[in-house]
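Beneath this line is the structure, given in structure tokens, with notes to follow.
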Amino acid sequence: MRGTGGWVVALAVGVPLTVAGVGVAAVLPGGGGPAAGPLHRAVDAYLDAAGGGGPGPAAARSGTCPAGGEDPVAALRRLAPAFGHRIVSSTESGDRAAVNVDLLPRTGDRVAVVLELRRSGERWDVCTASAGHVEVDPF
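Residue numbers (this note's numbering): 27 to 165.
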């Protein structure tokens with residue numbers, strides 16, 4: 027949109043911002059849509075598989091996530107056995123990311139969850155899932 031004095035003014039919603047090397051994306055309740063980027067697409071695919079009640083998504087590749095943690099699918103299903111989801115916000119720094127998600131159980135109230143991910147090449151792997159959200163401050 028063209029503003030006064032020839033300046034171009036634009037508003038981008040759901041588009042990752044990069045500030046001091048840290049990417050931050052805020053997603054409105056409608057979701058990120060197809061332009062959400064690889065991080066959000068990976069989370070959507072993972073949670074679609076985990077929330078369906080069938081076999082969980084494939085585990086992260088060996089060496090991507092720290093060893094010894096709880097299986098993220100088990101943690102998610104303990105919070106809600108079957109669920110839909112909505113990505114709330116995310117923050118990304120290098121090959122690490124945290125994504126705030128609301129699980130939407132088939133019965134009961136929404137459950138706030140944070141997923142921690144690591145990237146290996148072009149692939150994002152979910153390493154941990156825990157109750158709550160992390161604060162995302164884009165500034």
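Beta carbons are placed, not taken as given, at the ideal position from N, Cα and C, and that holds for glycine.
According to DSSP, residues forming a beta bridge with Arg145: As computed with DSSP, Arg145 is found in a beta bridge with Trp150.
Buried or exposed: Ala123, going by 16 or more other Cβ atoms within 10 Å of its Cβ? Flag for Ala123 reads buried.
Can you find the residues in the same chain that come closer than 8 Å, C-beta to C-beta, to Pro83, ignoring five residues on each side of it along the sequence? Answer for Pro83: Ala71, Tyr72, Ala75, Ala76, Val99, Val152, listed in chain order.
Cβ of Ala68 within 9 Å of Cβ of Leu102? In this structure, Ala68 keeps its C-beta atom at 9 Å or more from the C-beta atom of Leu102.
Spatial distance of Pro81 from Arg104 (CA atoms): Roughly 15 Å between the two C-alpha positions.
Exposed or buried, Arg144, counting other C-beta atoms within 10 Å across all chains shown (16 or more means buried)? Arg144 counts as buried, since no fewer than 16 other beta carbons sit within 10 angstroms of its beta carbon.
Contact defined as beta carbons within less than 8 Å: I believe Asp128 pairs with Val140. What is the distance between those atoms, to the nearest angstrom? Wrong, their Cβ atoms sit about 11 Å apart, outside the cutoff.
Short check: CB of Ala106 to CB of Gly134, under 9 Å? The criterion of a C-beta distance shorter than 9 Å is satisfied by Ala106 and Gly134.
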